[in-house]
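Written out below as structure tokens is the structure these notes cover.
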Amino acid sequence: MFGSQVPTVTVTEIADDAYLLDVREDDEWNAGHAPGAHHLPMMELPARIAEVPTDRDVAVICRSGGRSAQVVAYLMRNGWDQVRNVEGGMGEWAAAGRGVVREDGQPGRVL
1 MFGSQVPTVT
11 VTEIADDAYL
21 LDVREDDEWN
31 AGHAPGAHHL
41 PMMELPARIA
51 EVPTDRDVAV
61 ICRSGGRSAQ
71 VVAYLMRNGW
81 DQVRNVEGGM
91 GEWAAAGRGV
101 VREDGQPGRV
111 L
């Protein structure tokens, strides 16, 4: 849908010090998310854009990569240059054996 205009990163290529931005909805986040991720639902981004760092790598993730690609394109249009879309989203994250947690300490799952 976005072609080569949106830079991507695979789950295994995400640097340990990258800012992982989860743009899924509250119910998806509450069901399970990556440890250390920062939650900012896609529709809230315009009002909260200042929360996204500009001085470090930002990896944007959603369920499968569609919404996060839109967010990456939006951030790039607004001056971010160290931003990448996580290929395959949380589905790929979980399939790669990466942790999925909930706020209450219970095992998480990807919706």
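In this text, residue positions in the sequence shown follow full-length UniProt numbering: the first is 1, and each later residue adds one. For glycine and all other residues, C-beta sits at the position ideal for the given N, C-alpha and C.
#1: Any idea what DSSP makes of D17, helix, strand or coil?
#2: Would you list the residues sitting across from P107 in a DSSP beta bridge?
#3: For R56, name the three-state secondary structure that DSSP assigns.
#4: Go through its chain and collect everything with a Cβ distance to G89's Cβ below 6 Å, but skip five positions before and after it.
#5: Hey, is P107's beta-carbon within less than 7 Å of any beta-carbon in chain B?
Put simply:
#1: Within the sequence shown, residue 17 is the residue found at index 17, counting from 1. Shown here, D17 sits in coil according to DSSP, grouped into three states, outside any helix or strand.
#2: Within the sequence shown, the letter at position 107 stands for residue 107. According to DSSP, which records beta bridges pairwise, P107 is partnered with V101.
#3: In the sequence shown, counting from the first residue as 1, residue 56 sits at position 56. Three-state result, R56: coil.
#4: Taking the first residue of the sequence shown as 1, we reach residue 89 at position 89. Within the same chain, G89 has close Cβ partners I61, C62, R63, S64, G65.
#5: The question asks about chain B, but that chain is absent: this structure has only one protein chain.
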